[in-house]
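Structure record follows, encoded as structure tokens.
Chains as they are written, first to last, in the numbering used here: chain A, -2 to 338; chain B, -2 to 338; chain C, -2 to 338; chain D, -2 to 338.
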């Protein structure tokens, strides 16, 4: 739920945040976590539902930006081609995307008996970061049931920090995880919402920047390489076209830079943006369909509010993540513990 | 092993083919199939090994072209970013890519105990087409063991047609499957090889073209939509750069056109090209490394021989695929049966 | 005006063509040529107007595909980013695009006194092929006035063959030039038009294919390299989104393949598609605007009719181009002369 | 020559700069300016020479990143396809790129009598920003001779600030212009150089950030929209492949973010990177050529030093630009004047 005002982390902000300062401030979006913890195991699954109906039948318009393609996410290519998301979005660890794909496929098939019979297949959207620093990633501890449970748990209120897919993530020398934030923008006298959710696992120790200030986290970590990745989901109810959603997703790079990333070689940095305001039906009697888009000449406010929401989401992931010790006795310090030192 | 000369399928050809007229004419490349057949089940796994050593430690330079992105293949994004392939390439049905990913990850982890511990993760390359017309794709009949078995079976001699990943595929109104071919090109007095392997599942009934001649397959199929996909793997021992391999992969579109495709909306058409002549080590003491590339001004012969090899691979897939009847009592006619009518 | 039925050039066709079988069958589109011929000079300018109003104030939605980027066209990058065309499209020789840019900029500034003062600049769209085989291209014979004149001459009826920008072009061993065609498609009981115009200058002698039949043009030309380029303009009144227009543009590769191209290294193959059915205002009071797009699931007919229109445009360019002799006493044989031999 | 240490502009820096702290610290690179000033005229031309030989015959390996494609630069498409730069790079105002293209073409033709006769044409690289806030851009005041003069003046020592192509540029509410910087990195015991040069014309008043600190320039300017653009040239003597140069160019986005940009809609943000360490001959007897590339696993130092060099170049452009008053009596305040207030 964002960073408390008394946190001493002075993020620059031009726009107010939404009710919960979470991506779920965008009406219809829900998020659920399953956290899997046991001795050497620190991993999990986060599920994000773009809306509460049948997503396969009623797709949301989407765009993506592969900021740095050192990543194994599944489903990005088809977003690019068709401009839609048609399943929940799953966030988990790198080696578990196969299991997550199988589980999400079965979930979609159960809900849609026509898939693979009367119609084509389904484009499951599975994203990942490598939590191998804290988690026994080689153990494949995510099971299919965890994916169903994360989807079932999806709600408007959800936790941030070392939970769900973010359980074992590290970021900029500290403990990383799931963070979220939102911004409100007024367009033609109507209030719209932009929400962001990140699974933050990127950045070198020593490079952390918050609100323009450098923090030296070198003592906290021997993670001298930027090889973690970040998944960035941006949701909005502003009607944007496929091209515009790609442009919005691209702006997440700015947020990464504001927190100290230079998009390291080993970091799979993927941003996905969707709007709930343009829906595309799987079945249609008519071939010509209506959609709405934004006047590009004034789109800067959308870009800038997105940059803020993603930046705050990253800092919020750090802020809410508590110190944990994982596999090989590696400890990742939480930002609040770090600041108290 | 290509199309026999007496086949009446007059493919135009400027270059001679290699010893077996298979992708394995490129030294080091091997291919293995597991075919899974039972009542409603017509599916399988094909594994292609870029070379016989440890592919993770000794990567091959690669490029890819997403001809039409209605596809769910895993691993393409990282090829684009890093220009390498570091695992065997798996070809299977769309809904089985999760299982294939998990299996291939476990296989790689077993061979490389450093993955996820001392080094990052691994980029498994899993490709797919939808075999749901003939196969009970909703049954998830590919198991992890099938992937290991396909890799183990990999050899220089391999079958074409309705085998392995191609078992349940359909193409241009007829039975599709796996096809392969090769071409020899002489460069600076040395003979080099270009090989292609396809899993052909694309195209509308009624659009089949072979050697410039239209064949009306409408009677064979009610498949009036191009929604099947094709996976195209191109291997060579010509030293090409990452950029050049992407250009080579892009030329596969020409081969698709020559056989009757117009890259239909629902067809996930993916081409991947690699060269065994440029290897990139996973670990290196030196930061500056040597590689070789081709003089672009004369690269046309590489493009054109690639186009021929891919074209013949598609026709060879059709030629070798026998008539089969699958789920929902659907029959797909083999090309040789069709020609006999 | 397309290929006469008695031409013996049996193009396969599923759709009927429009009234004139020209790109101008798309209502509002106009084309004008200036042909510049004198001794060693064989060049010119073709101008295509997307509609008859103020294109800067009332932009058309557009997409582009860089099939092979060995080209110098100006303005493609901004089409990709903003999804619009806001000027006439100019086709000329490679070295004259600077002059054409200056001329078109001045033309746009004259019509729009706000450009560069109250609003930003303008994205002039200038495309090119190298006519240096027949034209003294080093002489920079295109002048600014030729661009104005080509725009002024733009009309619904226009010539094909060795005229305008196509005057000095060569193609597949024969004389190339400007060609055009159109196709009618019925969508939800309404008839729509897809039109194409090409400036054809690509392909190796020896590779010409028409209607699936190879023609050996090796005797006509010593042009053994595919280093000429083709510019492909696709216009339609079907409402397509920016993403869809890019997909349509991409399908032009299929038409190239059907006529014998393999997208040679030195060929700058650029396709641009626009729709007159989605207009974007330069100035808008509202930030949210309405558009129409096509149901992707049924878009195959649009793809396939486009492929036909572009294919026939290429053949029509050859068909209408007469034999000429240019600089260095080089002769390019017209297709009709070639067929008579 | 970079920012003096006593400037109070505390840029965070991990690497030392080169001898002159200019892009010309990369051996062989030279830069020349022509500044055109008269009443309402504030424009000019900057020419950058990748090396001192015949660039057409001895091309440098290159990559580019279109950060935001609201731009009209010429020549980027071919860099992408062929991975080379073969001419000097010209930086000027948006409407003058036609003139600059013609001039540079004539310059290249004079030096290379084979262009357009025995070989193909040449890919002139012309980049631009819109200086219409301070310059009578509608007057087309750049002439062909200015381009030749800028090339002739190219030297190792060159001015920064409101000179050459940067004469009329504005940036983040202040006077923009040309800036440059360099960084030294030690690789395998050898010292290499990364240099950057920018033409900075981007950013909203109110968003300026230097060294993590916000500066409120709202009082200086009514430029509330980010619609200016930035051209970023990165040169190095580190052997990087085409793919790696593209990755390096992409990292310039981070530098933009560090200075307050969010890549506004109207900003044409283009980055071009080249290495003098990989040369490609125009003519070659051999088809297989040797090159060197960097071990990606350790490329982070190249990325991070690039980000620093580009960031300092932007700040240096502001630092060296003096306050000027241009067309329509618009004043742009120089950073040093702003800091003195």
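We put the CB at the ideal spot given by N, CA and C, even for glycine.
If residue 242(A) sits next to residue 270(A), beta carbons under 8 Å apart, how far is it from one beta carbon to the other, in whole angstroms?
Right, their Cβ atoms sit about 4 Å apart.
Relative to the alpha-carbon of residue 329(C), which residue among 185(C), 3(C), 111(C), 128(C) has its alpha-carbon at the smallest distance?
Here the closest residue by C-alpha is 128(C).
Buried or exposed: which applies to residue 110(D), given that a residue is buried once 16 or more other Cβ atoms fall within 10 Å of its Cβ?
exposed
With a threshold of 7 Å between beta carbons, is residue 75(B) in contact with chain A?
yes
Going by DSSP, what residues sit across from residue 138(C) in a beta bridge?
The partner list for residue 138(C) (beta bridge, DSSP) is empty, contrary to what the question assumes.
If you follow the alpha helix (DSSP H) that residue 104(D) is part of, which residue opens it and which one closes it?
94 to 108
For residue 180(A), is the classification buried or exposed, using 16 other Cβ atoms within 10 angstroms of its Cβ as the cut-off for buried?
buried
With 7 Å as the threshold, decide whether the Cβ of residue 11(B) is near any Cβ in chain D.
Chain D, which has no Cβ nearer than 7 Å to the Cβ of residue 11(B), makes this no.
Are there 16 or more other CB atoms within 10 angstroms of the CB of residue 81(D), so buried, or fewer, so exposed?
buried
For a contact meaning CB atoms closer than 7 Å, what does residue 236(A) contact in chain C?
285
Assign residue 233(D) to one of three DSSP states: helix, strand, or coil.
strand
Consult DSSP for residue 318(C) and reduce its assignment to one of helix, strand or coil.
coil
Tell me whether residue 9(C) is buried or exposed, calling it buried when 16 or more other Cβ atoms sit within 10 Å of its Cβ.
Its Cβ having fewer than 16 others within 10 Å, residue 9(C) is exposed.
Which chain B residues sit within Cβ distance under 8 Å of residue 135(A)?
106, 112, 113, 114
If distances are taken between C-alpha atoms only, which option among 97(D), 315(D), 239(D), 135(D) comes closest to residue 113(C)?
Cα-wise, what sits closest to residue 113(C) is 135(D).
Can you tell me whether residue 281(A) is buried or exposed? The criterion is at least 16 other CB atoms within 10 Å of its CB, across all chains shown.
Exposed, by the Cβ-count rule.
Step through the CB atoms of chain B and report whether any lies within less than 7 Å of the CB of residue 171(A).
no
Between the beta-carbon of residue 108(B) and the beta-carbon of residue 83(B), is there less than 7 Å?
With contacts defined by Cβ atoms closer than 7 Å, residue 108(B) and residue 83(B) do not form a contacting pair.
In this structure, does DSSP put residue 351(C) in helix, strand or coil?
Summary: the structure shown does not reach residue 351(C), with chain C confined to residues -2 through 338, and so no result is reported for it.
Does the distance from the C-beta atom of residue 98(D) to that of residue 121(D) stay below 7 Å?
yes
Can you pull the chain A residues whose beta carbon is under 7 Å from the beta carbon of residue 14(D), in chain order?
By Cβ distance, chain A contributes nothing, its closest Cβ being about 18 Å from residue 14(D), past 7 Å.
Count Cβ pairs between the segment 171 to 180 of chain D and the segment 188 to 195 of chain D that sit closer than 8 Å; are there 3 or more?
yes
Quick one: residues in its chain with C-beta nearer than 7 Å to the C-beta of residue 301(B), no 5 flanking neighbours on either side, listed in chain order?
Answer for residue 301(B): 11, listed in chain order.
Just to confirm the assignment: which complete beta strand (DSSP E) runs, minimum length 3, are found wholly within the segment 30 to 79 of chain A?
38 to 46, 55 to 66
Return the CA-CA distance between residue 184(C) and residue 164(D), expressed in angstroms with no decimal places.
A direct Cα-to-Cα measurement between residue 184(C) and residue 164(D) gives close to 54 Å.
Could you tell me whether the Cβ atoms of residue 150(B) and residue 29(B) are closer together than 7 Å?
In contact: residue 150(B) and residue 29(B) (Cβ atoms closer than 7 Å).
Below 8 Å on the Cβ atoms is my contact criterion, and I expect residue 54(A) with residue 85(A) to pass it. Report the Cβ-Cβ distance as a whole number of Å.
No, residue 54(A) and residue 85(A) are not in contact; Cβ-Cβ is about 14 Å, not under 8 Å.
When you compare only the Cα positions, how much space is there between residue 37(B) and residue 139(A)?
31 Å
According to the Cβ coordinates, are residue 100(D) and residue 144(D) closer than 7 Å?
yes
Compare the beta carbon distance of residue 264(B) and residue 226(B) with 7 Å and say whether it is the shorter of the two.
It is a contact, given that the beta carbons lie within the stated cut-off.
At the 7 Å Cβ level, is residue 117(C) part of the contact set with chain D, yes or no?
yes
Near residue 214(C), which residues of its chain fall below 7 Å by C-beta distance, leaving aside the five closest residues on each side in sequence?
169, 170, 171, 202, 203, 205, 335
Taking C-alpha atoms, which residue in 278(A), 198(A), 96(A), 239(A) lies nearest to residue 257(A)?
When the alpha-carbon of residue 257(A) is set against those of 278(A), 198(A), 96(A), 239(A), the nearest one is in 198(A).
So, is the C-beta of residue 88(D) closer than 7 Å to a C-beta in chain C?
no
Give the single residue among 195(C), 324(C), 211(C), 217(C) whose Cα lies nearest to the Cα of residue 249(C).
195(C)
Below 9 Å on C-beta distance, what does residue 39(C) contact in chain D?
Residues of chain D passing the Cβ test: none, with the nearest at roughly 13 Å.
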